[in-house]
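To get the working numbering, take the position in the sequence shown, counting from 1, and add 21.
See below for the structure under consideration.
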Amino acid sequence: MYSKSADTISMILKAARKHFLSRNYADVTMVEIAEAARVTKGALYHHFDSKEALYLEMMNADLREKQALFRRVVETDGPCRERLRQLTVTFLELPNEKQGLMNLVRRDVNIFKNPSRRKLIRSYQAALPQQVEAIIRDGIRGGELAPGDPRLLAWEYTAMVEVVLSRYARQVLGSHECMADYVLGLFFSGAGGNVKRQT
């Protein structure tokens with residue numbers, strides 16, 4: 022019985038990902054998701070009592086998966102730059118759908134009210150920015166990065182990866198390794214650079 026329920030939930034989440042990635046949250050209906058998942062509306066509502074509950078479970082499940090994946094990189098030894106590079110390449114190697122789900126956090130976060138909004142933000146932070154922050158803390162401690170606020174630097178680095186590496190940048194730079202090196206160059210020469218700061 023559990024296996025059938027787990028399979029049903031998996032089909033529903035897969036259908037939800039497809040719809041929420043291709044259209045705005047408000048434009049997606051539970052009926053469409055049920056049809057795409059090939060389940061009855063009753064079965065869909067048995068597992069998820071609202072569109073918001075379905076969306077949040079879809080996002081939180083994906084973010085937990087990413088957090089576990091990225092944490093393995095964070096827990097490796099080595100210089101800060103190399104660990105950030107590996108984390109960036111790991112992110113870039115994710116399938117387009119998985120990368121797209123990260124973008125949904127920025128797109129949709131203000132749709133929800135607290136506490137759902139806070140939980141989604143915390144899940145996103147735990148999945149990526151906090152992983153980057155842990156590496157940056159080590160980099161500051163080891164002298165690879167200039168002293169600074171590791172949380173702020175982590176957000177700057179995360180933004181560069183998610184925003185600077187646009188579709189055009191990806192066409193120009195090509196490989197995941199070249200893209201990671203490009204962002205690392207910007208970061209280490211700029212925001213996190215170990216250069217004297219003006220006072």
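Ideal placement from N, C-alpha and C gives every residue a C-beta, glycine not left out.
With a CB to CB cut of under 8 angstroms and the five nearest residues on each side skipped, what residues in its chain are close to residue i?
{"i": "Arg191", "result": "Met200"}
{"i": "Lys62", "result": "Met51, Val52, Ala55"}
{"i": "Leu205", "result": "Arg102, Leu105, Arg106, Thr109"}
{"i": "Thr97", "result": "Arg104, Gln107"}
Contact defined as beta carbons within less than 8 angstroms: I believe residue i pairs with residue j. What is the distance between those atoms, to the nearest angstrom?
{"i": "Met80", "j": "Leu122", "result": "7 angstroms"}
{"i": "Gly169", "j": "Ile156", "result": "14 angstroms between Cβ atoms; not a contact."}
{"i": "Val224", "j": "Arg104", "result": "Outside the shown range of the chain, which is 22 to 220, sits residue 224, and nothing can be said about it."}
{"i": "Phe91", "j": "Gln146", "result": "The Cβ separation is near 12 angstroms, so there is no contact."}
{"i": "Arg106", "j": "Glu165", "result": "With 8 angstroms as the limit, Arg106 and Glu165 do not qualify as a contact, their Cβ atoms being about 12 angstroms apart."}
{"i": "Leu65", "j": "Leu141", "result": "Not quite, the Cβ-Cβ distance comes to about 21 angstroms (not below 8 angstroms), so this is no contact."}
{"i": "Glu183", "j": "Ser137", "result": "Not really, about 22 angstroms apart at Cβ, beyond 8 angstroms."}
{"i": "Tyr46", "j": "Asp129", "result": "5 angstroms"}
Give every residue of the same chain whose Cβ lies closer than 7 angstroms to the Cβ of residue i, excluding the five residues on either side of it in the sequence, and list them in chain order.
{"i": "Phe208", "result": "Tyr178, Met181"}
{"i": "Leu115", "result": "none"}
{"i": "Leu113", "result": "His197, Met200, Ala201"}
{"i": "Arg158", "result": "Pro171"}
{"i": "Glu118", "result": "Arg38, Leu42"}
{"i": "Val60", "result": "Thr29, Met32, Ile33"}
{"i": "Pro100", "result": "Glu165"}
{"i": "Ile132", "result": "Tyr46"}
Counting only the same chain and skipping the five closest in sequence on each side, list residues whose C-beta sits under 6 angstroms from that of residue i.
{"i": "Leu75", "result": "Ala37, Phe69"}
{"i": "Ser144", "result": "Asn81, Leu84"}
{"i": "Tyr203", "result": "Leu194"}
{"i": "Glu154", "result": "Pro171, Arg172, Ala175"}
Legend entry - Inside the segment 100-168 only - beta strand (DSSP E) runs reaching at least 3 residues: none
Inset, instruction - Pair every Cβ in the segment 36-56 with every Cβ in the segment 121-138, then say whether three or more of these pairs are closer than 8 angstroms. - result: yes
Inset, instruction - For the segment 23-104, list the alpha helix (DSSP H) runs that are entirely contained and at least 4 residues long, ordered along the chain. - result: 23-43, 51-58, 62-68, 72-95
Legend entry - Continuous beta strand (DSSP E) assignments of at least 3 residues falling wholly in the segment 160-210: none
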